[in-house]
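Chemist: My questions will all concern the structure given below.
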Amino acid sequence: MLTSKMAFQVNCSTESRPSLSENIDRFTTRFSSSYQPLLKELQQLPAQREVFKNIKNASAKLLDAFVDSTFKFADQRVLPSQSNFLPVDELNEPFVITSIEGKIPDDFPEGVFIRNGPNPLFGGLKSTTSIFGKTGHIWIEGEGMLHALYFDKDSDGGSRTVLYKNKHVETETFKFEKRRNKPSFIPAIDGSPPAIFLASMFNMLRFGKVNKDLSNTNVFEHSGKFYSIAENHLPQEIDIFSLQNLGDWDINGTWHRPFAAHPKTAPGTGELVVFGVDAIKPYLEVGVVSADGKRLVHRADLKLDRCTLLHDIGVTERYNVIFDLPLTIDILRLIKGGPLLKYEKEKYARIGVMPRYGDAESTRWFEVEPNCTFHILNCFEEGDEVVVWGCRSLGSIISESYGMDLDKSEWISGRLRSRGPVQQYTTFSSNDELLFSRFYEWRLNMKTGEVTERNLTGTKFSLEFPMINPSFSGFKNKFGYTQMVHKPASISSGMPKFGGLAKLYFDETSSKEGEQSEGHIKVEHHEFEGNTFCTGSAFVPKEGGLEEDDGWIITFVHDEDTNTSKVYIIDTKNFTSEPVAKITLPCRVPYGFHGAFMPVPIHK
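Put into structure tokens, the structure is as follows:
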């Protein structure tokens, strides 16, 4: 979830004289323009060309030897409670599912349920030690692996076949490390600042980029094509049936920056609203892709003055909704000895409302309480207001542990512990509950500029990974769904685990006794049995459904007691009831990130 194009260009002064980076750029440009003709001429001579090639190869080998002798790779420690975060092998062939408890509904559509998630090469996440300090992967890293379940119907609509397949997303860096058959990219996000800085430099010198192309976060569809995506690289087009990687999607050569993980389809037009965050200016650009996926019809630099780690974006009928929150990436801070990524709780937070084809000047910003919001459920227009619903916490799960001696799992566990009800505006004197994510509403009045914000849910469960019936994206909806954090399991493992699902009723208020429910919406809970946890949940609309909640939630689950992975199908009209179907998978499926149901014909 981090950008990979972290060129170390930092403006250290606001004075009018050229900065250090500008002077370096000028020197490089002048040197290149002066000597390029001579270099080209020399390289055209066969003997000289061979010399240059030998020098280049020798330099690369020397650099490799230096890095290998300086940075020592080791496997990161894995607790027993973290075992299902470990990677699995690829299956060579699709597997026909034969074990189904219950029944897949007759009106459940044909299609593919597909989920993305980390599946690190070489046995798991790594750390390094060197004379410069330690570096390590963070839990969101690891090469992407797609897990797909195919729901097929016979042509007569009778019998049904279900197949399972998994496959790594084979990015260029994935194939490169596979050929080398060893970890090669030095972890460059977490650790001591000098080691991170030098790891980034060595990765750039050796491989031309700071971090690997992970493609491990989400899967989306546009104009009949399917893509795997993470924040730090371009989307990878995927053959939905073979799961083969068909290459980068750069929108016909018009997009050359990171591409964030949650593009949104614009209601009404079918255009795709995309955005990309980078560690150097321009920090954030927003684009609009044509409905046929062939053209970038609009692009705008929002001219932010910091690099905010933006993971999601909202759309309404007329607007794009952008969060500018104080979870920031700062190379200058790293050079000065601070963390590369930090949640700066004392800094400002705001939400921008941008006309669909707007720019920095036409975007209207609304100051809000500082927070960390990774995921938006939905946005819509209501009268003079733009309404935003999302999962909001008071701290970030991927920040502030960097460079600390404290074990990461202990750091996360401390911020998941609860000593009592979470307050509306918790002070930051305590670290407890900072990662507790509640469902939240912002109302942004486009006429008066006023902001109204409030918690929509109580303190029983922390909610994340929201989803809705996709037909209502950008329009007012009555229902939403999220995964529920299982607090004891998450605290014991130091990793987020989701022990159930929640259904949100936005038009109904909570009536439960004994809870602080004033103004809170009604929430139904579907809790899993025992040590069973889910990831990658998605809403599947019912074929011919008449109401917004006609459909199912489908999700990957893992029972840690039996080490068995399944897929559950839950009727959203009978949300608290047992799943209508439990599909046992042929292998373990590690916990991951986002899933989607793609209604595509399978039978042919």
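In terms of my numbering, the sequence shown opens at residue 13 and continues consecutively. From the three backbone atoms N, C-alpha and C, an ideal C-beta is built for every residue, glycine too. This structure is a prediction, so every number in the text was calculated from the model and none was measured.
Do the segment 201-212 and the segment 333-340 touch if we need at least three Cβ pairs shorter than 8 angstroms?
Modeler: No, they do not touch.
Chemist: Just curious, the beta strand (DSSP E) that Leu389 is in, first and last residue?
Modeler: Counting along the chain, the beta strand (DSSP E) containing Leu389 begins and ends at Cys384 to Glu394.
Chemist: Alpha carbons only, please: which of Leu158, Glu356, Glu572 and Lys293 is nearest the one belonging to Lys315?
Modeler: Nearest C-alpha to Lys315: Lys293.
Chemist: Give me the DSSP bridge partner(s) of Glu539.
Modeler: According to DSSP, Glu539 bridges with Gly512.
Chemist: Could you check what DSSP says for Ser240 in three-state terms: helix, strand or coil?
Modeler: Strand at Ser240.
Chemist: Just the C-alpha distance for Val617 and Gly364, rounded to the nearest angstrom, thanks.
Modeler: With the chain covering 13 to 616 only, the question about residue 617 has no answer from this structure.
Chemist: Would the segment 587-595 count as touching the segment 184-194 if we require 3 or more Cβ pairs under 8 angstroms?
Modeler: Result no; under three Cβ-Cβ pairs closer than 8 angstroms.
Chemist: Indicate whether Ala312 and Gly220 have their beta-carbon atoms separated by less than 8 angstroms.
Modeler: No, Cβ-Cβ distance for Ala312 and Gly220 is not below 8 angstroms.
Chemist: In three-state DSSP terms, what is Lys187?
Modeler: If DSSP states are grouped into helix, strand and coil, Lys187 belongs with the helices.
Chemist: Taking 8 angstroms as the threshold (C-beta atoms), are Asn223 and His606 in contact?
Modeler: No, the Cβ-Cβ distance between His606 and Asn223 is not below 8 angstroms.
Chemist: Once DSSP output is grouped into helix, strand and coil, what is the label at Ser111?
Modeler: Three-state DSSP puts Ser111 in coil, outside helix and strand.
Chemist: Checking the sheet assignment: what are the DSSP bridge partners for Gln593?
Modeler: According to the sequence shown, residue 593 is Ala rather than Gln. Its beta-bridge partners are Gly114 and Ile581.
Chemist: Mind checking Arg466: buried by the 16 CB within 10 Å criterion, or exposed?
Modeler: Result: exposed.
Chemist: Looking at Thr588: is its Cβ nearer than 8 angstroms to the Cβ of His538?
Modeler: Taking 8 angstroms as the Cβ cut-off, Thr588 and His538 qualify as a contacting pair.
Chemist: Three-state secondary structure (DSSP) at Lys276?
Modeler: DSSP places Lys276 in strand when its eight states are reduced to three.
Chemist: Near Pro482, which residues of its chain fall below 6 angstroms by C-beta distance, leaving aside the five closest residues on each side in sequence?
Modeler: There are no such residues.
Chemist: Work out the CA separation of Ser549 and Trp564 for me, nearest whole Å.
Modeler: If I take the Cα positions, the gap works out to 10 angstroms.
Chemist: Excluding five sequence neighbours on each side, which residues of the same chain lie with their C-beta closer than 8 angstroms to the C-beta of Ile480?
Modeler: Only Leu389, Asn390, Asn489, Phe491, Gly492, Tyr493 and Phe551 meet the Cβ criterion.
Chemist: Comparing alpha-carbon positions, which option in Trp377, Gly114 and Asn69 lies nearest Lys578?
Modeler: The shortest Cα separation from Lys578 among Trp377, Gly114 and Asn69 belongs to Gly114.
Chemist: Going straight from the alpha carbon of Asn178 to that of Asp251, what length do you get?
Modeler: Approximately 13 angstroms, taken between the alpha carbons.
Chemist: Exposed or buried, what is Tyr295 when buried is set at 16 or more other beta-carbons lying within 10 Å of its beta-carbon?
Modeler: Counting Cβ neighbours within 10 Å, Tyr295 comes out buried, since at least 16 surround it.
Chemist: What does DSSP give as the partner residue(s) for Gly129 in the beta ladder?
Modeler: DSSP output for Gly129 lists Met157 as bridge partner(s).
Chemist: Taking a contact to mean a Cβ-Cβ separation below 8 angstroms, would you say Asn257 touches Glu182 in this structure?
Modeler: Contact flag set, yes.
Chemist: Taking just the CA atoms, how far does Thr576 sit from Leu599?
Modeler: As written in the sequence, residue 599 is Cys, which differs from the Leu given in the question. Cα-Cα distance, rounded: 7 angstroms.
Chemist: So the alpha helix (DSSP H) Phe214 belongs to, where does it begin and stop?
Modeler: First-last of the alpha helix (DSSP H) with Phe214: Pro205 to Phe219.
Chemist: Who are the Cβ neighbours of Leu75 in its own chain at under 8 angstroms, not counting the five residues just before and after it?
Modeler: Excluding residues within five positions, the ones whose Cβ falls inside 8 angstroms are Phe214, Leu217 and Arg218.
Chemist: I'd like to check one pair, Phe85 with Pro195: are the Cβ atoms closer than 8 angstroms?
Modeler: Yes, the pair counts as a contact, with Cβ atoms nearer than the cut-off.
Chemist: Per DSSP, what kind of secondary structure is Val124 in: helix, strand or coil?
Modeler: Strand at Val124.
Chemist: Between which two residues does the beta strand (DSSP E) holding Ala617 run?
Modeler: The structure shown does not extend to residue 617, since the chain is modelled only from 13 through 616, so no value can be given for it.
Chemist: Do Leu468 and Met496 have their C-beta atoms closer together than 8 angstroms?
Modeler: In this structure, Met496 does not lie closer than 8 angstroms to Leu468 by Cβ.
Chemist: Just to confirm before moving on: does the CB-CB distance between Asp290 and Pro275 stay below 8 angstroms?
Modeler: It is not a contact, given that the beta carbons lie outside the stated cut-off.
Chemist: Could you round the C-beta distance between Asn617 and Pro602 to whole angstroms and report it? I think they count as a contact, below 8 angstroms.
Modeler: Shown here, the chain extends from 13 to 616; a query on residue 617 therefore has no answer.
Chemist: Return the CA-CA distance between Trp377 and Ile150, expressed in angstroms with no decimal places.
Modeler: Their backbone Cα atoms lie some 32 angstroms apart in a straight line.
Chemist: Taking DSSP's pairing of strands, which residues face Asp260 in a bridge?
Modeler: DSSP output for Asp260 lists Gln248 as bridge partner(s).
Chemist: Distance, Cα to Cα, Thr584 vs Ser449?
Modeler: Going by the C-alpha atoms only, they are around 23 angstroms apart.
Chemist: Let me see if you follow: with CB-CB separation under 8 angstroms, is Gly280 close to chain C or not?
Modeler: No chain C is part of this structure, which consists of one protein chain only.
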